[in-house]
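Participant:
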Amino acid sequence: MLSYTRRAAMTVVALLILIAGVRASWASAQHVMLAKGRERGTMTVTRCTDDTCTGPYAPLSPGSQPRDRVVIDRSIAEKKGARIPVVVKPGTGEVVRTGAAGFFHAWVPLGGALLLAAVVIAGGLRLTRWAWVTAATGVALLSVAFATLTW
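Taken in order, the sequence shown gives residues 11 to 161; the numbers are from this note's numbering.
1) From LEU125 to LEU70, what distance separates their C-alpha atoms?
2) Check PRO119 in the structure and name its three-state DSSP category.
3) Using a threshold of 9 Å, state whether the C-beta atoms of THR59 and GLY65 are closer than that.
4) Distance, Cα to Cα, ARG48 vs VAL22?
5) Which class does THR59 belong to by DSSP, given the choice of helix, strand or coil?
6) Could you compute how far the alpha carbon of VAL42 sits from the alpha carbon of ILE131?
7) Kindly list the residues whose CB is nearer than 7 Å to the CB of GLY112, restricted to its own chain and excluding five residues on each side of it in sequence; keep chain order.
8) When DSSP labels each residue in this structure, what does THR158 get in the three-state scheme?
9) Contact between the segment 29-37 and the segment 11-19: three or more CB pairs below 8 Å?
Structure representation (structure tokens):
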């Protein structure tokens, strides 16, 4: 009985980790994946802190207005003067990177969740093959995100 309880508990923990990863990723990914009808344009990076970068926004889509200052989460690729294709989060001054780099960058939290879930699957559920597949998927997602951001 204790074995079944442990397996059930570890299954719930692994699922919660994966759900949290999807939910954290979806906060940004929805704007990249469902960009039709949203304000699209380019942002020129003028200043970066440890967490964010700011700069002016130049619209590309009809009905979008230029803005003096928008904010984007900082990733490894933003440098002063860089022009980044972005989409504006509705009702805010925040933008999200678009294209392949934006898509994979938005799913980075899921990549981390896959790696963490792999540990739970291997150690708690003792399903080593599934753990390796889960970990490989997480590593692949993080690697592609890194590659597309630095390309």
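Built from N, CA and C at the ideal position, the CB exists for glycine as well.
Facilitator: Per the coordinate set shown:
1) Going by the C-alpha atoms only, they are around 37 Å apart.
2) DSSP, read as helix, strand or coil, puts PRO119 in helix.
3) no
4) Cα to Cα, ARG48 sits roughly 37 Å from VAL22.
5) coil
6) Taking the straight line from one Cα to the other gives about 31 Å.
7) VAL42 and VAL106
8) helix
9) The way I'd put it, the segment 29-37 doesn't touch the segment 11-19; fewer than three beta-carbon pairs between them come closer than 8 Å.
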